[in-house]
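Asker: Counting in UniProt numbering, the sequence shown runs from 1 upward without gaps. Sharing a structure here in structure tokens format.
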Amino acid sequence: MTDNHIRRERRRKAEKEKTLQSMRAALPVYTLEEIRHLRLPFHEAMLKNLEDSGYVNTSGYIQQLFDIQHDIRESAGATSQVYSRPQLMYSKAELTDVCDGLVKVEDYHNAGDYGLECEHVLQMGVKFAFSCKEWWWLGEQLLLHALSSSTHYSHLIGHKYEALSNYSYGKFLIESYHDYDTAMKYLEVARRLSIDEQWTIRTLFPADADVLFLKVNYLIYTCLIRKVEILMKTDVIEAGKIALIAKTRASEACYPEGEITALMLKGMCDLSLNDTKNALATFTKSFYIQSKLGSQKGLCESRIHLAVAYLLDGDPELSLNTLLMLKESAEEYDLPFYLAQAYRHLGEYFLNNGEAVKATPLLVEAMKIFLERHHTKESEQVRNLQAISAGLGQIPQYIDVLSRSHEPEYMNKLIDWKDLRKPFTEDDESSIISETLSAEQVLRKSTQCLKDPVKSKSTDTECGLDKIKKSVTINSTPRVMESKNSSNDEEDEETPE
Numbered sequence: 001m002t003d004n005h006i007r008r009e010r011r012r013k014a015e016k017e018k019t020l021q022s023m024r025a026a027l028p029v030y031t032l033e034e035i036r037h038l039r040l041p042f043h044e045a046m047l048k049n050l051e052d053s054g055y056v057n058t059s060g061y062i063q064q065l066f067d068i069q070h071d072i073r074e075s076a077g078a079t080s081q082v083y084s085r086p087q088l089m090y091s092k093a094e095l096t097d098v099c100d101g102l103v104k105v106e107d108y109h110n111a112g113d114y115g116l117e118c119e120h121v122l123q124m125g126v127k128f129a130f131s132c133k134e135w136w137w138l139g140e141q142l143l144l145h146a147l148s149s150s151t152h153y154s155h156l157i158g159h160k161y162e163a164l165s166n167y168s169y170g171k172f173l174i175e176s177y178h179d180y181d182t183a184m185k186y187l188e189v190a191r192r193l194s195i196d197e198q199w200t201i202r203t204l205f206p207a208d209a210d211v212l213f214l215k216v217n218y219l220i221y222t223c224l225i226r227k228v229e230i231l232m233k234t235d236v237i238e239a240g241k242i243a244l245i246a247k248t249r250a251s252e253a254c255y256p257e258g259e260i261t262a263l264m265l266k267g268m269c270d271l272s273l274n275d276t277k278n279a280l281a282t283f284t285k286s287f288y289i290q291s292k293l294g295s296q297k298g299l300c301e302s303r304i305h306l307a308v309a310y311l312l313d314g315d316p317e318l319s320l321n322t323l324l325m326l327k328e329s330a331e332e333y334d335l336p337f338y339l340a341q342a343y344r345h346l347g348e349y350f351l352n353n354g355e356a357v358k359a360t361p362l363l364v365e366a367m368k369i370f371l372e373r374h375h376t377k378e379s380e381q382v383r384n385l386q387a388i389s390a391g392l393g394q395i396p397q398y399i400d401v402l403s404r405s406h407e408p409e410y411m412n413k414l415i416d417w418k419d420l421r422k423p424f425t426e427d428d429e430s431s432i433i434s435e436t437l438s439a440e441q442v443l444r445k446s447t448q449c450l451k452d453p454v455k456s457k458s459t460d461t462e463c464g465l466d467k468i469k470k471s472v473t474i475n476s477t478p479r480v481m482e483s484k485n486s487s488n489d490e491e492d493e494e495t496p497e
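Laid out in structure tokens, this is it:
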């Protein structure tokens, strides 16, 4: 009995040992790296493994990235949007992507293949800067790293990657920081390096196969145009000079729409300087380019500028004819915004000419179209002009009363009008209505009867005003027609579609 018990115990122990051995054999064998990943935070284990593998530079650079993001978060504050964005050290997918990419970069560097090193860093920078909204700061650091490396090794690998790095970082500054002045410095370097070169940006921006030189000039053009729009408020002469440079850059970028915009701004600068001859030449060039492109909206825009320039140059007949052509073109191609602009400027023309009776229905028609199309700003501008026109149109009816106000009867009428808002005569309103013309009637009657608002000042309104100058203080009426584009009265507003 005892012997059997002993044998059973021995068999049981042997089977147990065998089971333990098989279980031990089935357990995974972890390397030191895997143990670190199990026991340490992911980013700490990664840095340790990189150092053990000999990638000291990669480990040090990733640690710098951690420190940079920490400083950005601290400077922004805990309540900022930047602070709530993901951190690189806790983002396993992005950190692995960066680590693998930098390991390749260090391998290329150790092998002396500096061209591939610069290309790979630049591709990583473009990816994070332009395709990953949350990681723009990481993209910026990689772009700066690519810029530094490509400049340092340019004597060995040429200037291609230096030019691409300058272009990419300039583009990043424009899109992310809106820092146009700093971007211009990098873009000018890229332009200088890419002259007469056929380098493309397809490897960085697969959707864009254009030559680098064209893309650089386009971005420079956008920076210059913005500078022109700002300088037009303070230094018109300098703005005109920069507009010509912008036109050249647009031409080098094969961007005719940009040439037109630059020419328009140059012409507006010339008008501000009363240089109507150059303004007409500039607007005519713009009109010619628009006609080649077949852009009806662009042609309407050019006609507005030409009409203003003709008027300021002392040729009201050409100004009126240009506005009539603008109206016909807007009607033919169903461009209601520009049709309203035509009515507006025609109204301004007649108002400027002292013919308020003709101006009022045109301005009313313009305001009607603007309101229908929900162009609030333009409708308010025209409303003000229409009020001025309506007031001037009624002045001749009251000149007699004002000029005879020294008589008691007429003085009483003035007092009643001021205190009780009584009309001067009972038939005031009916006479106004009877004299009102439609916009089309005004245009038909006025086609053959042109007046020069610069040379001819013997209008009924002005004659009446001369009679009462002694009793009423009157300021000289400013020119109503503006030299700025009516569809772009403010620098940051685009022409509505």
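Beta carbons are placed, not taken as given, at the ideal position from N, Cα and C, and that holds for glycine.
Is the Cβ-Cβ distance between G257 and G298 less than 9 Å?
Answerer: In the sequence shown, the residue the question calls residue 257 occupies position 257. In the sequence shown, the residue the question calls residue 298 occupies position 298. Gly is not the amino acid found at residue 257; the sequence shown has Glu there. Cβ atoms of E257 and G298: closer than 9 Å.
Asker: Cα separation between L311 and K413?
Answerer: Residue 311 sits at position 311 when you count from the first residue of the sequence shown. Residue 413 sits at position 413 when you count from the first residue of the sequence shown. Looking at the two C-alpha atoms, the distance is approximately 40 Å.
Asker: When you compare the CB positions of L363 and S389, do they come within less than 9 Å of one another, or not?
Answerer: Position 363 of the sequence shown, counted from the first residue, corresponds to residue 363. Position 389 of the sequence shown, counted from the first residue, corresponds to residue 389. Contact flag set, yes.
Asker: Extract the residue ranges of the alpha helix (DSSP H) inside the region 19 to 61, only unbroken runs of 4 or more that lie entirely within it.
Answerer: Counting whole runs of 4 or more residues, the region 19 to 61 contains the alpha helix (DSSP H) stretches 32 to 39 and 42 to 52.
Asker: Give me, in chain order, the residues of the same chain whose beta-carbon lies closer than 8 Å to that of L371; leave out the 5 immediate sequence neighbours on both sides.
Answerer: The residue labelled residue 371 in the question sits at position 371 within the sequence shown. So the list reads S379, once near-sequence residues are dropped.
Asker: Take the Cβ of L20 as the centre, count every other Cβ of all protein chains shown within 10 Å, and call the residue buried at 16 or more, exposed below.
Answerer: Numbered from 1 along the sequence shown, position 20 holds the residue referred to as residue 20. Counting Cβ neighbours within 10 Å, L20 comes out exposed, since fewer than 16 surround it.
Asker: Count the other C-beta atoms from every protein chain shown that fall within 10 angstroms of the C-beta of R12, then say buried if there are 16 or more, exposed otherwise.
Answerer: Here residue 12 corresponds to residue number 12 of the sequence shown, with the count starting at 1. Counting Cβ neighbours within 10 Å, R12 comes out exposed, since fewer than 16 surround it.
Asker: Taking only three categories from DSSP, how would you classify V105?
Answerer: What you label residue 105 is simply residue 105 of the sequence shown in a count that begins at 1. It is helical.
Asker: Which runs of the alpha helix (DSSP H), 4 residues or longer, sit entirely within the region 307 to 361?
Answerer: As far as the region 307 to 361 is concerned, its whole alpha helix (DSSP H) runs of at least 4 residues are 316 to 332 and 336 to 352.
Asker: Is it buried or exposed, C132, if we count other Cβ atoms within 10 angstroms and call 16 or more buried?
Answerer: Here the question's residue 132 lines up with position 132 in the sequence shown. Counting Cβ neighbours within 10 Å, C132 comes out exposed, since fewer than 16 surround it.
Asker: From Y288 to E74, what does the alpha carbon distance come to, in whole angstroms?
Answerer: Along the sequence shown, read from residue 1 onward, the residue named residue 288 stands at position 288. Along the sequence shown, read from residue 1 onward, the residue named residue 74 stands at position 74. Between Y288 and E74, the C-alpha separation is close to 56 Å.
Asker: Let me make sure I understand the geometry here. Which of A190, L173 and V189 has the alpha-carbon closest to that of A183?
Answerer: In the sequence shown, the residue the question calls residue 183 occupies position 183. Selected option, being the one with the closest Cα: L173.
Asker: Under 9 Å between the Cβ atoms of I230 and T261?
Answerer: In the sequence shown, counting from the first residue as 1, residue 230 sits at position 230. In the sequence shown, counting from the first residue as 1, residue 261 sits at position 261. In this structure, T261 does not lie closer than 9 Å to I230 by Cβ.
Asker: Excluding five sequence neighbours on each side, which residues of the same chain lie with their C-beta closer than 6 Å to the C-beta of M264?
Answerer: Here residue 264 is taken as the residue at index 264 of the sequence shown, counted from 1. Contacts found: S286.
Asker: Heavy atom of the ligand MN less than 8 Å from the Cβ of Y186, yes or no?
Answerer: Looking for the ligand MN in the displayed structure turns up nothing, as the structure carries no ligands at all.
Asker: Should K92 go down as buried or exposed, given a rule of 16 or more other Cβ atoms within 10 Å for buried?
Answerer: Indexing the sequence shown from 1 puts residue 92 at position 92. So K92 counts as exposed.
Asker: If I72 sits next to V56, beta carbons under 8 Å apart, how far is it from one beta carbon to the other, in whole angstroms?
Answerer: Taking the sequence shown and counting its residues from 1, the one referred to as residue 72 is at position 72. Taking the sequence shown and counting its residues from 1, the one referred to as residue 56 is at position 56. In fact, because the Cβ distance is near 25 Å, the residues do not count as touching under 8 Å.
Asker: Would you report the Cα separation of G347 and K358, rounded to the nearest angstrom?
Answerer: Locating residue 347 in the sequence shown gives position 347, counting from the first residue. Locating residue 358 in the sequence shown gives position 358, counting from the first residue. So the two alpha carbons sit approximately 7 Å from each other.
Asker: Which residue marks the beginning of the alpha helix (DSSP H) containing D208, and which one marks its end?
Answerer: Numbered from its first residue, the sequence shown carries residue 208 at position 208. Run containing D208: none; DSSP gives neither H nor E here.
Asker: Given a cut-off of 9 Å, decide if R303 and D336 are closer than it, judged by their beta-carbon atoms.
Answerer: What you label residue 336 is simply residue 336 of the sequence shown in a count that begins at 1. What you label residue 303 is simply residue 303 of the sequence shown in a count that begins at 1. Before going further, note that residue 336 is Pro rather than Asp in the sequence given. No.
Asker: Hey, how far is the Cα of M23 from the Cα of R8?
Answerer: Taking the first residue of the sequence shown as position 1, residue 23 is located at position 23. Taking the first residue of the sequence shown as position 1, residue 8 is located at position 8. If I take the Cα positions, the gap works out to 22 Å.
Asker: Among the candidates Q64, Y108 and S272, whose CA atom is the shortest distance from the CA of I237?
Answerer: Reading the sequence shown from its first residue, position 237 is the one you call residue 237. With distances taken between Cα atoms, I237 lies closest to S272.
Asker: Only counting runs of 4 or more residues, tell me where the alpha helix (DSSP H) segments fall wholly within the region 136 to 208, in order along the chain.
Answerer: Runs found: 136 to 152, 154 to 157, 160 to 172 and 180 to 194.
Asker: Closest by CA to E117, which one among I157, E188 and D270?
Answerer: Counted from its first residue, the sequence shown places residue 117 at position 117. That would be I157, whose Cα lies nearest to the Cα of E117.
Asker: Look up R8 in the DSSP assignment and say whether it is helix, strand or coil.
Answerer: Taking the first residue of the sequence shown as 1, we reach residue 8 at position 8. Correct three-state label for R8: helix.
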